[in-house]
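Trainee: Counting in full-length UniProt numbering, the sequence shown runs from 1 upward without gaps.
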Amino acid sequence: MWSLDGHFEFKDTQHASRDFGNHFRFPPHAILRPESVSDIVMTLKSVYEMGPSSNLTVAARGHGHSLQGQAQAPGGIVVEMESLRDYIDVSSGELWINVLHESLKHGLAPKSWTDYLYLTVGGTLSNAGVSGQTFRHGPQINNVRNLEIVTGRGEVFNCSSEENPDLFYGALGGLGQFGIITRARIDLEKAPKMVCKNSNPFKSES
Ligand SMILES: Cc1cc2nc3c(=O)[nH]c(=O)nc-3n(C[C@H](O)[C@H](O)[C@H](O)COP(=O)(O)OP(=O)(O)OC[C@H]3O[C@@H](n4cnc5c(N)ncnc54)[C@H](O)[C@@H]3O)c2cc1C
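#1: Count the other CB atoms within 10 Å of the CB of Gln72; is the residue buried (16 or more) or exposed (fewer)?
#2: Does the distance from the C-beta atom of Leu125 to that of Gln140 stay below 8 Å?
#3: Would the C-beta of Thr13 count as close to ligand 1, meaning under 7 Å from any of its heavy atoms?
#4: Evaluate contact between the region 41 to 49 and the region 128 to 148, counting only Cβ atoms and requiring at least three cross-stretch pairs below 8 Å.
#5: Touching or not, the region 86 to 100 and the region 119 to 139, by the rule of three or more beta carbon pairs under 8 Å?
#6: Taking the alpha-carbon positions, what's the Gly76 to Leu100 distance?
#7: In terms of residue numbering, what span does the beta strand (DSSP E) encompassing Ala184 cover?
#8: How many whole angstroms separate the CB atoms of Pro34 and Ser83, which I take to be in contact at a CB cut-off of 8 Å?
#9: Using the Cα positions of Phe168 and Glu189, report the straight-line distance between them to the nearest angstrom.
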């Protein structure tokens, strides 16, 4: 018998059948609100053991800012990653705005952001993560040291450019098709105290 740290929601599932694009609406059968990586492991293992004939799909959902149903699981299980926010490294369900606020307390900031910060770490690392800093540092997927991933078989892997590199590069920009990212170690840099000394940078000196 399972013992989950989080829980499954079977009744109030409507919001997980929508996303920012508002084009596709596929209600899941259930929402998993994980509170530990082992909740995700047990769920994926059980689905995998049901075999392909079950047709049960699973999708991770970050902040639901996809446009075409990428984070939906018709009749399946949506894993709400925002429930998972308790890591020292960045938990993948964390919003970038919170990552920025926390790192600023230490005088640091992520090297590569998105312009809009109300997106989850796992959601943008499954796409690319593009912002004004991309011209200098590359997209967010170029500024990750390692990932923890739960694969479709319910196995947990650490991966980086040296360790399990195929999984690492597959998951970055992989739209959740290679597993669920549960944790990411991202590059930080010293945050400037201010971005411009002059109150009006366009004011003529003469
Ligand atoms: C208003 C708005 C502003 C935006 N601004 C920017 C921007 O400045 N820069 C930029 O690069 N993009 C931007 N985007 C696009 C955005 O980065 C993507 O839509 C991103 O996927 C949304 O993140 P999310 O947390 O909402 O993910 P979701 O939409 O919930 O999920 C996106 C995809 O990632 C998968 N996924 C989610 N979490 C995980 C996980 N932990 N592990 C594995 N797969 C996962 C989902 O299954 C789905 O396929 C913007 C989108 C909107 C609507």
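For every residue, glycine included, the Cβ atom is placed at its ideal position computed from N, Cα and C.
Mentor: Put simply:
#1: buried
#2: yes
#3: no
#4: no
#5: yes
#6: 33 Å
#7: 180 to 186
#8: 6 Å
#9: 22 Å
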